[in-house]
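Shown next, in structure tokens, is the structure this report addresses.
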């Protein structure tokens, strides 16, 4: 059967984001002009055990008109069996294979970024998925295991030579597995990966990923590298600045007001209660996910307060920065107690015994 191929070019794609890339968040991204969205990483072992919480990660909202799911596994038979279930029971436009997750939990089992180093298994997994899926397949990888020996430029031509039916893009995050976010993503290397493909057989579009945080950075990182697919793939940038798709499409820096930003949170809460339920459990879930998101949102420095445009991804607001009004100042706070205060503005008071410790940060509120 012919496969439905997704074309990623000239589109804004919001990468799969664990914990924070939930369905209510993706609805916000659609409101701001994202073209393509993807569910959070789902673990094949949990899906094969029929865990409802894992299957919930594959759920799509009607507004998500081009939607994919991301699978992580360590063995070809897991990818093969899960893709059979995905084909049968879900409605998706593409399935993304995770070759990028740096977490020990996955890498120690041979999944995530560790699977990049196990070519025979990788090939078997891609073939198994291709046999079972009528939709596109994509692969998201890193540059390699450590910064000194990147090998994506050797792996990609091999994947290309395997001629996997339905493989419609390879996403390369410009960092290695062991590298955290201190250093910038290496876009020259991503371009080198794209140039490493053989000219004698059909090429696979290479999509770069890492640190796109403004329209001008999209131009500088993606558009300036002719070998790359013209795709704006957003990760943390979308978490810190959910209106980034609009900026990219309208080619401008948007000095969004604090009130407009509060409206985004109100929308998120509305979507959250619809998705997780409006009982106490649903309210608690919505609050927890809102607080996780606020641990990213505070890092945005309003355009009107910047001396040099645009803000860079690793540029944090200075401590105790003053906004142009009280709400803007509150949004700039890195204190989790203030994030809780913001959650109370849109969700009502927290229970007395409430504690919050963000997954992605070391700060907490108790």
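Numbering (our numbering), first residue to last: 6 to 371. Glycine included, each C-beta is placed from N, C-alpha and C at the ideal position.
Asked                                                                                                                                              : Found
On the three-state DSSP scale, how would you describe residue 274?                                                                                 : helix
Of the residues 224, 198, 331 and 277, which one's Cα is nearest the Cα of residue 264?                                                            : 331
Give the DSSP-derived three-state secondary structure of residue 217 in the structure shown.                                                       : coil
Alpha helix (DSSP H) containing residue 320: first to last residue?                                                                                : No alpha helix (DSSP H) contains residue 320, which DSSP labels as neither H nor E.
Report whether the distance from the Cβ of residue 212 to the nearest heavy atom of the ligand FMN is below 7 Å.                                   : Among the components of this structure there are no ligands whatsoever, and the ligand FMN is therefore not found.
Bridge partners of residue 103, per DSSP?                                                                                                          : 145
For residue 291, count the other beta carbons within 10 Å of its own beta carbon; 16 or more makes it buried, fewer makes it exposed. Which is it? : buried
Specify the secondary structure class of residue 184 as computed by DSSP and reduced to three states.                                              : coil
Distance, Cα to Cα, residue 197 vs residue 261?                                                                                                    : 36 Å
May I have the straight-line CA-CA distance separating residue 40 from residue 16, to the nearest angstrom?                                        : 6 Å
Near residue 11, what residues of its chain come up, given a Cβ to Cβ distance below 7 Å and the 5 sequence neighbours on each side ignored?       : 71, 98, 99, 141 and 173
Just the Cα atoms here: how many angstroms apart are residue 202 and residue 157?                                                                  : 11 Å
With DSSP run on the structure shown, which of helix, strand or coil describes residue 228?                                                        : helix
Would DSSP call residue 303 helix, strand or coil?                                                                                                 : coil
Rounded to whole angstroms, how far is the Cβ of residue 87 from the Cβ of residue 53, which I believe are closer than 8 Å?                        : 6 Å
Mapping DSSP to helix, strand and coil, what is residue 253?                                                                                       : helix
From this set, 177, 327 and 64, which residue's C-alpha is nearest residue 303's C-alpha?                                                          : 327
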